[in-house]
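J.: Would you mind keeping the following structure in view while I ask a few things?
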Amino acid sequence: MGLPSEYMELSIVKTVLDGIKVVGSLVGTRKDLAEAFDFAAQGSVVLVVQKRPVEDAPEIFAEMEAGKINGRMVLDFIK
Numbered sequence: 305m306g307l308p309s310e311y312m313e314l315s316i317v318k319t320v321l322d323g324i325k326v327v328g329s330l331v332g333t334r335k336d337l338a339e340a341f342d343f344a345a346q347g348s349v350v351l352v353v354q355k356r357p358v359e360d361a362p363e364i365f366a367e368m369e370a371g372k373i374n375g376r377m378v379l380d381f382i383k
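Just so we're aligned: 350 in the working numbering is position 46 of the sequence shown, and the numbers increase by one with no gaps anywhere.
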């Protein structure tokens, strides 16, 4: 929401080195964006995230293909 219609400059090197993730959408208005921020500020947004070891990746992909994962799955590469 709130993606500008004009050109936007973005440093690929800084994005990669700083681990920045840019996500955009062409739907929604500035009012929609303000409402989304309000929901988050009020604690109305509940994140569904599960962290599992990278060794579980094959099983995770099978679960994903079967539609058994709700929310986001995070692979932990650190032992």
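Every residue gets a Cβ at the ideal spot worked out from N, C-alpha and C, and that includes glycine.
All values reported here derive from a predicted model rather than from experimental measurement.
1) Closest to Ile364 by C-alpha separation, out of Val378, Gly323 and Val352, would be which residue?
2) Keeping to the same chain, check which residues put their C-beta closer than 8 Å to that of Pro362; ignore five residues upstream and five downstream.
3) Let me know the secondary structure DSSP gives Leu263 once reduced to three states.
4) Which residues mark the beginning and the end of the alpha helix (DSSP H) in which Leu337 is found?
5) So, helix, strand or coil for Val422, using DSSP?
6) Using C-beta distances below 7 Å, list every residue in its chain close to Lys383, excluding the 5 sequence neighbours before and after it, in chain order.
T.: A quick look at the data gives this:
1) Val378
2) none
3) What the structure shows of the chain is the stretch from 305 to 383, and residue 263 is not part of that stretch, so it cannot be assessed.
4) Arg334 to Ala345
5) Because residue 422 is not part of the residues shown, which for the chain are 305 to 383, the question remains open.
6) none
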